[in-house]
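Novice:
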Amino acid sequence: MLLLIFIIIFMFLPNCICKSLQSTWIPQRVPVVLPQNTEPRPAPHFLSPARLDVTSPCDPECHKRAPQPSYWDLRRLLSYETLHSDGQLTETAVGIYGYNLNSKTSPAYSSGSSGKAEQSHVRRKRQIFGHDGRFSIAGQNFLLKYPFSVAVKLSTGCSGTLVGDRHVLTAAHCVHDGKNYVKGAQKLRPFQWIRAKRTHVPKGWIKGNANDIGMDYDYALLELKKPHKRRHMKLGVSPPAQKLPGHRVHFSGFDNDRPGQLVYRFCRAGEETSDLLYQHCDAQPGASGSGVYARMWDGRRRRWERKVIGVFSGHQWVERQGASQEFNVAVRITPLKYAQICYWIKGNFVDCREG
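Taken in order, the sequence shown gives residues -18 to -1, 1 to 337; the numbers are from mature numbering (1 follows the signal peptide of the UniProt record, and there is no 0).
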């Protein structure tokens, strides 16, 4: 109990922390991702169960060696499918404007970043790294208090985060296995309250082969049929790990080994690529889809602000020299992904130019 109280105090530290220790949200202009044309697609069959863990043969070094996508590649990857609650499916092509192909990081955060990656922590087929650093959040007073109140459990078994008045951000694999939409995706509900009206999934996740899945685009957005009436968490462009306070990230989700409980954790961010963040947060299946967030100083509003900077994808197992190695992986919200997700939420690009 004392440890939980310490965690709560830590999360709500007063604004008197020394300014020299502050990490700051830096306003930046982001590109524009606009829908161009939408076409109907054959109705999905919803045959596969949801996958609460995903695997990839590509480790951090493999991701860093991958060729930089072209403008046309990015247009294809950021095009998206929309699953409607009546079972109809559409595909939308997008255009990209104001994006610098040569920029591998967020320009506002690029100055002073060493670009050096820390050595990733490696364990054999385990989802808890050493001592279990997770904290169950009990009691309605805490569960209904921000930021814990933004975490929701999806009817497919994953977690999600409230990022708009009627929008939930989650992992794509919670609704689509890379080839087909999963069982329950059409009647998806967060927390049994409100049905999803639409579900957006980027084409970068939909490969046509469920075994050929990369994690870079493992995110999806649910639009609910009516407002949820809770406070939501803002989106933010993911800063480099070196710019995070204490290199630390946080997230809350519904891990399967603690049924009925919301589980909070924080940990040090480790290695990163332009699209993925590798970290050492303890987690179990069911936590995937949780919004990974950071708490930094907002200089314009003169207050501390939490923003979602990624989506927890899960545990990545990689075969290296005959041995299985594990990484915990989150999909980073890059400027392009911010522009896309923000457009899905706002319905216009004017309100999405600053991340």
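Just so you know, even glycine gets a beta-carbon here, dropped at the ideal spot from N, CA and C.
In this text the structure is predicted, and so the values were computed from the model without any measurement.
Which residue or residues does DSSP assign as beta-bridge partners of N19?
Specialist: Paired residues: A75.
Novice: Taking C-beta to C-beta, are D237 and G271 nearer than 7 Å?
Specialist: No, the pair does not count as a contact, with Cβ atoms beyond the cut-off.
Novice: For D239 versus D198, is the C-beta distance shorter than 7 Å?
Specialist: No; because the gap between Cβ atoms is not below 7 Å, this pair is not in contact.
Novice: From which residue to which residue does the beta strand (DSSP E) around R250 run?
Specialist: L244 to E254 is the span of the beta strand (DSSP E), which, as asked, contains R250.
Novice: Which value, in whole angstroms, describes the spacing of the CA atoms of Y320 and S220?
Specialist: Distance between the alpha carbons of Y320 and S220 is about 9 Å.
Novice: To which residues does DSSP link A265 through a beta bridge?
Specialist: Answer by DSSP bridge pairing: none, since A265 is not bridged.
Novice: Can you round the beta-carbon distance between S30 and K165 to whole angstroms, since I take them to be within the 8 Å contact cut?
Specialist: Going by Cβ atoms, the distance from S30 to K165 rounds to 7 Å, so yes, they are a contact pair.
Novice: Within 10 angstroms of the Cβ of E21, are there 16 or more other Cβ atoms? Answer buried if so, exposed if not.
Specialist: It is exposed - the Cβ of E21 has fewer than 16 other Cβ atoms within 10 Å.
Novice: For a test of the three-state rule: what should DSSP assign to H182, helix, strand or coil?
Specialist: Note: H182 maps to strand in three-state DSSP.
Novice: Which term fits C324, buried or exposed, when burial requires 16 or more other beta carbons within 10 angstroms of its beta carbon?
Specialist: Flag for C324 reads buried.
Novice: Return the CA-CA distance between Y246 and I188, expressed in angstroms with no decimal places.
Specialist: One C-alpha to the other measures close to 30 Å.
Novice: Tell me F233's beta-bridge partners as DSSP assigns them.
Specialist: Answer is R247, bridged to F233.
Novice: Return the CA-CA distance between R281 and R213, expressed in angstroms with no decimal places.
Specialist: Per the sequence shown, the amino acid found at residue 281 is Gly instead of Arg. About 22 Å.
Novice: Is Q224 helix, strand or coil by DSSP?
Specialist: Residue state, collapsed to three classes: helix.
Novice: Return the Cβ separation of A312 and Q266 in integer angstroms, given the expectation that the two are a contact with Cβ distance under 8 Å.
Specialist: A312 to Q266, Cβ: 15 Å. No contact.
Novice: DSSP three-state label for D68, please.
Specialist: Correct three-state label for D68: coil.
Novice: What residue from G142, K216, N162 and K185 has the CA that sits closest to L206's CA?
Specialist: For L206, the nearest C-alpha among the options comes from G142.
Novice: Would you tell me roughly how many angstroms separate the C-alpha atoms of V330 and K225, rounded to the nearest one?
Specialist: A small fix is needed here, since residue 330 is Asn in this sequence, not Val. Taking the straight line joining both Cα atoms gives about 30 Å.
Novice: Out of L71, R57 and L56, which one is the CA nearest neighbour of E63?
Specialist: Measuring from the Cα of E63, the nearest candidate turns out to be L71.
Novice: Across the segment 283 to 300 and the segment 142 to 159, are there enough close Cβ pairs to call them in contact, namely three or more that are closer than 8 Å?
Specialist: Taking 8 Å as the limit for Cβ pairs, the verdict is that the segment 142 to 159 does touch the segment 283 to 300.
Novice: Can you tell me whether L203 is buried or exposed, with buried defined as 16 or more other CB within 10 angstroms of its CB?
Specialist: So L203 counts as buried.
Novice: Assuming V12 contacts D200 under a Cβ cut-off of 8 Å, what Cβ separation, rounded to an integer in Å, is found between them?
Specialist: So it is not a contact: roughly 20 Å between Cβ atoms.
Novice: Taking 7 Å as the threshold (C-beta atoms), are L136 and P172 in contact?
Specialist: Yes, Cβ-Cβ distance for P172 and L136 is below 7 Å.
Novice: Taking the beta carbon of D55 as the centre, do at least 16 other beta carbons fall within 10 Å, making it buried, or is it exposed?
Specialist: Counting Cβ neighbours within 10 Å, D55 comes out exposed, since fewer than 16 surround it.
Novice: Using CA atoms only, rank isn't needed, just tell me which of I8, V332, P9 and G296 is closest to A154.
Specialist: The option with the nearest alpha carbon to A154 is G296.
Novice: Output the residue ranges of the beta strand (DSSP E) runs that lie fully inside the segment 280 to 324 and measure 3 residues or longer, sorted by chain position.
Specialist: Taking only runs of at least 3 residues, the beta strand (DSSP E) segments lying wholly in the segment 280 to 324 are 285 to 302 and 305 to 314.
Novice: Alpha carbon to alpha carbon, what distance is there between K211 and residue 360?
Specialist: It is not possible to answer for residue 360, since the shown part of the chain is limited to -18 through 337.
Novice: Which first and last residues belong to the alpha helix (DSSP H) in which F124 is found?
Specialist: Its alpha helix (DSSP H) spans residues Q122 to L125.
Novice: Given V76, which residues of its chain have a CB within under 8 Å of its CB, disregarding the five upstream and five downstream residues?
Specialist: Result list for V76: V15, L16, P17, Q18, R57, L60, S61, Y62 and Q322, in chain order.
Novice: Less than 8 Å between the CB atoms is what I'm expecting for H232 and F248, so what's the real figure, rounded?
Specialist: Going by Cβ atoms, the distance from H232 to F248 rounds to 4 Å, so yes, they are a contact pair.
Novice: Look at the alpha carbon of W286 and the alpha carbon of I8, and state the distance between them as a whole number of angstroms.
Specialist: One C-alpha to the other measures close to 13 Å.
Novice: Nearest by alpha-carbon distance to A178: which of G196, N162 and H149 is it?
Specialist: Comparing Cα-Cα distances from A178 to each of G196, N162 and H149, the minimum goes to H149.
Novice: Taking only three categories from DSSP, how would you classify R58?
Specialist: Correct three-state label for R58: helix.
Novice: Whose CA, out of V157, A120, D41 and R180, lies closest to the CA of H27?
Specialist: Of the candidates V157, A120, D41 and R180, the one whose C-alpha sits nearest the C-alpha of H27 is V157.
Novice: Is the beta carbon of I119 less than 7 Å from the beta carbon of L318?
Specialist: No, the pair does not count as a contact, with Cβ atoms beyond the cut-off.
Novice: Under a three-way DSSP split, which group does F130 fall into?
Specialist: Residue state, collapsed to three classes: helix.
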